[in-house]
Ligand SMILES: *Cc1c(COP(=O)(O)O)cnc(C)c1O
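Numbering (our numbering), first residue to last: 5 to 359.
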């Protein structure tokens, strides 16, 4: 049930896409099922949380919030005291795109950005060495005490941490008594690439809290905060409520999650988005004048194109960003990106380059 061919698609963000049929189906089911208890005491929320526990093969505490900024900010606030700090990359969404939300909701916990010029840093990743360096640089009372390492999976640059990479970073974190947070706005895309069990790249690798993105994977709205370390979830419900993130008709967030989780629709959606990014990559790398900045591992392609070409594409109505993570055009594919949309974009780039 993809949109009619004449409907325009874009590469600006995977949140430009609508909701997938399965999410819509369960939204309508929840709406048609009569009155239900509010604030998450309904059967849909129970069912979605149970499905998440099954998916991760563990007894996690699960909360649903409206968006990723709130999921990250509230999760980090739950993991930190105000005098603590959170280690992340310079391109981390929590650092560059959440308007200070993590610092605000944690009452001042500071983000410590791992500056580095390693190949991993170029690919938007933290390394064990970078974490070690930041933790050991200062230990005195004047410095905000490192408490959390935050990894983005898939990263803001469309790359993916391997299971071994997450394990190694988590091991360094644990050796210094730090907790591990994972911003999984595109967790599904990472799992689709890795082909591993979701448990293997999260709690079995040392991740304590995962913010599992649903919006970019085909939901209308809603992210899940999954606490593998359940002690960190103490009083979290109050934190969510105080932040204005407790949906009173929670079932309209959670029922669509049931649609994503049952039948592994989340994985199918992610595999499709990733495949479209591969198709886009193949098309663009064949063009003289376009430089793909690194091989895509999830659903993003980063490419350098001459500015007149970019302007020509914008003039034709294409939407994509240039400012993300310091360079190149970021082209995101979504769960519903059609091959024809990819091919049309590539053809337009080719024309703009002069044939
Ligand atoms: C989109 C995104 C989020 C969530 O953003 P919201 O707009 O607040 O839902 C978080 N982290 C990353 C890496 C993202 O790309």
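Glycine residues also receive a C-beta, built at the ideal position from the N, C-alpha and C atoms.
Coil, strand or helix - residue i by DSSP
i           : result
residue 164 : coil
residue 295 : strand
residue 89  : strand
residue 289 : helix
residue 32  : helix
residue 83  : helix
residue 245 : helix
residue 325 : strand
residue 18  : helix
residue 63  : coil
residue 256 : helix
residue 58  : helix
residue 98  : helix
residue 179 : helix
residue 41  : coil
residue 129 : coil
residue 77  : helix
residue 13  : coil
residue 357 : coil
residue 278 : helix
residue 171 : helix
residue 110 : coil
residue 104 : coil
DSSP bridge partner residues for residue i (one or two, in chain order)
i           : result
residue 227 : 69, 217
residue 156 : 187
residue 304 : 336
residue 150 : 89
residue 117 : 92
Between the CA atoms of residue j and residue i - distance to the nearest angstrom
i           : j           : result
residue 366 : residue 145 : Because the chain in this structure spans residues 5 to 359, residue 366 falls outside the shown range and cannot be described.
residue 41  : residue 257 : 14 Å
residue 132 : residue 358 : 45 Å
residue 266 : residue 237 : 25 Å
residue 44  : residue 334 : 37 Å
residue 345 : residue 98  : 31 Å
residue 315 : residue 260 : 38 Å
residue 284 : residue 306 : 10 Å
residue 202 : residue 195 : 7 Å
residue 163 : residue 253 : 36 Å
residue 32  : residue 292 : 48 Å
residue 30  : residue 262 : 7 Å
residue 207 : residue 175 : 12 Å
residue 227 : residue 70  : 6 Å
residue 271 : residue 165 : 17 Å
residue 355 : residue 102 : 37 Å
residue 244 : residue 301 : 33 Å
residue 140 : residue 55  : 40 Å
residue 250 : residue 28  : 21 Å
residue 288 : residue 20  : 22 Å
residue 73  : residue 169 : 25 Å
residue 39  : residue 122 : 55 Å
residue 192 : residue 220 : 9 Å
residue 275 : residue 225 : 20 Å
residue 24  : residue 180 : 42 Å
residue 46  : residue 255 : 7 Å
residue 312 : residue 199 : 39 Å
residue 135 : residue 142 : 12 Å
Neighbourhood of residue i by C-beta, 8 Å cutoff - its chain only, sequence neighbours within 5 removed
i           : result
residue 240 : 65, 67, 78, 82, 229, 231
residue 138 : 91, 116, 118, 150
residue 183 : 83, 151, 152, 153, 177, 212, 213, 233, 236
residue 130 : 91, 92, 93, 118, 124, 153, 155, 173
residue 171 : 209, 210
residue 321 : 12
residue 197 : 158, 164, 278, 301, 302
residue 127 : 159, 161, 163, 298
residue 63  : 57, 234
residue 350 : 284, 287, 288, 291
residue 80  : 90, 98, 106, 109, 110, 113, 152, 154, 185
residue 343 : 280, 283
residue 96  : 115, 117, 154, 156, 160, 187
Cut-off 6 Å between Cβ atoms - residues of its own chain near residue i, not counting five sequence neighbours on either side
i           : result
residue 188 : 157, 214, 215, 216, 217
residue 114 : 89, 148
residue 308 : 295, 332
residue 186 : 155, 157, 211, 214
residue 75  : 69, 215, 227, 229
residue 60  : 202, 203
residue 323 : 14, 16
Contact set for residue i: own chain, Cβ-Cβ below 7 Å, skip 5 residues either direction
i           : result
residue 341 : 13, 277, 280
residue 204 : 167
residue 86  : 110, 111, 112, 113
residue 34  : 48, 255, 256, 259
Within-9 Å CB hit, residue i to chain D
i          : result
residue 28 : Absent from the structure: chain D. Only one protein chain is present.
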